[in-house]
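Numbered by the numbering used here, the letters in the sequence shown go through residues 1 to 166 in order. No residue lacks a Cβ here, since even glycine has one placed at the ideal position from N, Cα and C. Source: prediction; values computed, not measured. What follows is one structure encoded as structure tokens, with my remarks underneath.
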Amino acid sequence: MRRRDLLIGSIGMLTLATAARSEPPVAFEGPSSVTIPLKRAADDKLYLTVLVMGRDLVMFLDTGASTVLDINIVRTLGVTLADTGQQGFGLTGAAGKRIATHVDMQLGALSITGLPVDCLDLTQLKAVSRGNGMPEFDGVIGAELLTMLQAQVDFGRLTLTVKRPK
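Pasting the structure below:
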């Protein structure tokens, strides 16, 4: 496997066990549909800048992953972290303790409040990314959020269109 494939391949196959717990519902505000420009990385993976807790973060799209933020970035956002008591798992096996939090996110004009995310130390993956000419990144927008927002990617126009859940 080439190094650049390790970046998203490892995150992309990231499957984190989900605890049966009751969480407050995620809130959405804004227009019924938003189209956001995407950028293409050196290896053709798609990414965008997302406002998370008032800070611009670079996040890749990954339909094979959960939504994950780099724990080193999350620690600077002033949110409470919770050790779930579970292990995270990725393509190469255990990825460490599963730490979770809730964040507020802005996708274009669509506001998302209280979104549950997993937090992992992405230091090694970020180093591989830099070594392969990829942009510095802070996390991944994963399948559960893309599904919730009925996301559609237009590869020709390099756009992501999402719909506010009803």
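Query                                                                               : Result
Contact belief for V140 with D62 at Cβ below 8 Å, rounded distance in angstroms     : 5 Å
CB-CB length for V128 against L149, believed under 8 Å                              : Wrong, their Cβ atoms sit about 28 Å apart, outside the cutoff.
Check whether G114 and V26 have beta carbons under 8 Å apart                        : yes
Which of helix, strand or coil DSSP assigns to A109                                 : coil
Per-residue DSSP class, three states only, for R130                                 : helix
Exposure of G142, with buried meaning 16 or more beta-carbon neighbours within 10 Å : buried
Identity of the residues DSSP links to P37 by a beta bridge                         : T159
Among G64, Q106 and L81, the one whose alpha carbon lies nearest that of P31        : Q106
Three-state secondary structure (DSSP) of V50                                       : strand
Those residues which DSSP pairs with Q152 across a bridge                           : T161
Extent of the continuous alpha helix (DSSP H) run through V68                       : First-last for V68: V68 to D70, but that is the beta strand (DSSP E), not the alpha helix (DSSP H).
Delimiting residues of the beta strand (DSSP E) encompassing L61                    : R55 to L61
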